Every structure is written in C-alpha cells, then in structure tokens.
Amino acid sequence: MKNIAIIGSGSWGVALGIHLANLGNKVKIWSFAEEERDIINNEKKCKFLPNVTLPDGICCSTDYKEVIEGADFILHVTPSKFTRNMVKEYKKYVEDKPIVICSKGMENESLKTLDEVILEEIPDAKIAVLSGPSHAEEVSTGQHTLLVCASEHPRLLKMIQDTFMCEIMRVYTSNDVKGVEIGGALKNIIAFCAGAATSLGLGDNAFAALLTRGLSEIARLGVELGAKKETFYGLSGLGDLIVTCSSEHSRNRKAGILIGQGKSLEETKKEVGMVIESIDNIDVAYELSKIYNVDMPIVETVYKVIYEGLDAKQAVSSLMNRAKKTED
847 MKNIAIIGSG SWGVALGIHL ANLGNKVKIW SFAEEERDII NNEKKCKFLP NVTLPDGICC
907 STDYKEVIEG ADFILHVTPS KFTRNMVKEY KKYVEDKPIV ICSKGMENES LKTLDEVILE
967 EIPDAKIAVL SGPSHAEEVS TGQHTLLVCA SEHPRLLKMI QDTFMCEIMR VYTSNDVKGV
1027 EIGGALKNII AFCAGAATSL GLGDNAFAAL LTRGLSEIAR LGVELGAKKE TFYGLSGLGD
1087 LIVTCSSEHS RNRKAGILIG QGKSLEETKK EVGMVIESID NIDVAYELSK IYNVDMPIVE
1147 TVYKVIYEGL DAKQAVSSLM NRAKKTED
C-alpha cells in the first residue's frame, strides 16, 4: 500500500486516483477549486466523470502541503500550460519524493517538454513520465488499459510498475523520457486534424493516411529533439495516437470536428468545456519544426487553420497538392 499525492482534480487525475484506491492505496488529490474538493469529499463524485462513484481511500484538499506530506510519490496531472506555476507553488513540499508526469503537452513559452520544465524548477527531482492510450472515462470504470512509464531511474520505474499493475492495467517501462513525452503531447494535434477530417466527410482512407503521415511527422521532430524513433511506434506514440484520433472521449478530436464545421476557436473552446491541449501545443510544434528544419506539412497546415484563418477544405487541398516525393 502506498500513499499517493495527485496534483490535479480533472478527469485524468481522478481516474488515476480511482484506479490506485481500488488497489488499496491511499490517495490525496489536490484541487484549486473548493467546489471540486467538496464534491469529491462529500459526494464521492467528480464533475468530469459524472457516472462514476469514487471508492474509499480518496480525499481531496486545496492545500498542497496536506496533499504532498507523507506521500511516497507525486502524480502531476495538470494542463501543460499551468505546470511551471504549479510546480513553483508546491516544490517546497516535494523534498525527495519522485514526480510522475501524467500530463500530455509542452510549455508554449519555452518550447520545452514538461520534464525539462520541472527539472528547471526542481533540479534534483526524480522524474518519470506515464503515458499511453488511456481515456479517463475508461480507466475510471476499470476498462483494460496498457501504459508505458519512462524514467532514467530504474527503482522509480519498478515502484510505478508494481503500484499500478493489476489484471486490468499493464505498465511497460522505458528509458526514453523524451520520446514518451513528445509522443503524448503531439498526438493531440493529429487528433484535432482527425476530428476536422471526420466533419469534412473525408472517409476511412484519408483517416488512415492522416494517422500514418502524422506519426511520421511526430517521429521526425522527436528524433531531432533527442528521442528514439522506435518509441513513437509504441504505446505513447502509435497507441495513444489511434485512441485519441478515433474515440468519442477525445476532446482534441471533438475540437477538430467543431472547427471543421466552421465554429470559431472561441466557440470551440466553450463547447468542449475543458483544456484542449492540441490547440495549446500547435504553435509549439510549428515553432520547433522551423527551429530544427523538420518537414511537418500537417502541423504547418493546421497552424494556418487555427491562427491564420485558412479554410479547412482549402487546407485539405493544399496538403493533397504538395509536390511529389518519396515516402519517408
């Protein structure tokens, strides 16, 4: 039995808490909102997972110290754009506790992965990254799930694997932190495109091509940033890409559908109602592709759709009419 701190009371943080509490662990969740704290503590509910009742062993607080003190490790589960500021707020309580990044995204201002952000704030922190095809809606109800945990610290990998694994969840290990982070972050952009393609009625052939060519773009950039190419054909790359592009649970796919229907960016954000990591990270991928001179035509085109007003149908035409080339 472990004592586990979860920073973030959104759907994914609560889903992980449910899984860990069901295995007999004690879970404390930090929330910035008193309303969410009270719903979790008093009603045993999460407003983002309305059909699930939380098991015993979970409590919530708006106090970082109360949540982190006595924990064996910390799960960081917040939107990427809030990561640095939140780490600054809770780092004085971390001490030697490992931090497992469960968020999927990158920091817009610095173009850094979240492990880099946290290590800048806590240089001696032991970091791991947990990722893979894992919608909160399914994990929270005990659906079978496979994840990958990456870290440079073998003991931390063993602890996470031992703590999470059971008959409904299998966890693989990796030492490619960069690859697992980048795969989890950038697949959201392709999922956004998949939603747009769906709303435009492009069909199964185009959908499969989008995933294939999108993964090639992610891998090309990832390798330039120091990741291993093979990581992108594993759970945090191909696996997460498939589920995020095809599932009704995907908020990134839903955002793409709405944009494809002609909704504005503000209308889309309002209708989705939660943080849309793809929209937050499209400009990160675009800027990195320019800095490292990586050919990413899908990313470049969706950037123009979001930030330059390119019509979605014209975007498809521009991609299809690119110069002839060999497959890479």
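Residue numbers (this note's numbering): 847 to 1174.
Backbone N, C-alpha and C define an ideal beta-carbon position, used for all residues, glycine too.
Predicted model only: the values in this text are computed from it and were never measured.
Between residue 996 and residue 975 the beta-carbon gap is near 5 angstroms, inside 8 angstroms, which marks them as a contact. Counting only residues of its own chain and dropping the five nearest sequence neighbours on each side, residue 897 has no CB closer than 7 angstroms to any other CB. The Cβ-Cβ distance between residue 973 and residue 945 falls below 8 angstroms.
Rounded to the nearest whole angstrom, the CA to CA distance from residue 993 to residue 948 is 11 angstroms.
The three-state secondary structure of residue 1089, taken from DSSP, is helix.
Note that the segment 884-899 does not touch the segment 919-934; fewer than 3 beta-carbon pairs, one per stretch, sit closer than 8 angstroms. Around residue 940, the same chain offers 914, 920, 968 and 971 as residues with beta carbons nearer than 8 angstroms, after the five sequence neighbours per side are excluded.
DSSP assignment within the segment 875-920 yields the following whole beta strand (DSSP E) runs of 3 residues or more, N-terminal first: 904-907. Remark: C-beta atoms of residue 853 and residue 863 do not approach each other more closely than 8 angstroms. Of 901, 1090, 965 and 892, the smallest CA-CA separation from residue 1061 is found for 1090. Residues of the same chain with a CB within less than 8 angstroms of the CB of residue 867, apart from the 5 flanking positions on each side, are 873, 900, 901, 902, 903 and 904 in chain order. Considering only 1032, 1088, 906 and 870, the residue with the shortest C-alpha distance to residue 880 is 906.
With a cutoff of 8 angstroms on beta-carbon distance, residue 1124 and residue 1034 are scored as near each other. With contacts defined as CB atoms closer than 8 angstroms, residue 1022 and residue 938 fail to qualify as a contacting pair. When DSSP states are grouped into helix, strand and coil, residue 971 belongs to the coil group.
Assigned with DSSP and collapsed to three states, residue 1014 falls in coil, not helix or strand. Following the DSSP letters along the chain, one finds residue 1039 inside the alpha helix (DSSP H) bounded by residues 1023-1045. Under the three-state reduction of DSSP output, residue 1130 falls in the helix class. Residue 847 is not a Cβ neighbour of residue 1130, given a cutoff of 8 angstroms. Between residue 1159 and residue 1150, the alpha-carbon positions lie close to 12 angstroms from each other. Residue 1154 and residue 1106 have their C-alpha atoms some 15 angstroms from each other. DSSP places residue 993 in the uninterrupted beta strand (DSSP E) bounded by 991-997. Only residues of its own chain outside the window of five on either side were considered, and among them 952 and 1027 have a CB closer than 6 angstroms to the CB of residue 959, listed in chain order. When rounded, the separation of the alpha-carbon atoms in residue 1039 and residue 1157 is 13 angstroms.
Ranked by Cα distance from residue 926, the options 1167, 1161 and 1121 are led by 1121. Rounded to whole angstroms, residue 870 and residue 1007 show a C-alpha spacing of 15 angstroms. Residue state for residue 853 is assigned as strand, using DSSP reduced to three classes. The beta carbon of residue 1044 is closer than 8 angstroms to those of 1053, 1099, 1102, 1103 and 1106 in its chain, skipping five residues each way along the sequence.
The beta-bridge partner set that DSSP reports for residue 1019 consists of 995. At a Cβ-Cβ threshold of 8 angstroms, residue 1137 and residue 1152 do not count as neighbours. Judged by DSSP secondary structure, residue 946 falls within the beta strand (DSSP E) whose first and last residues are 945-947.
Residue 1100: member of the alpha helix (DSSP H) spanning 1097-1106, first to last residue. In this structure, residue 1097 places its C-beta atom within 8 angstroms of the C-beta atom of residue 1118. The C-alpha of residue 1147 lies about 6 angstroms from the C-alpha of residue 1161. Annotation: the continuous alpha helix (DSSP H) that includes residue 1111 extends over 1111-1118.
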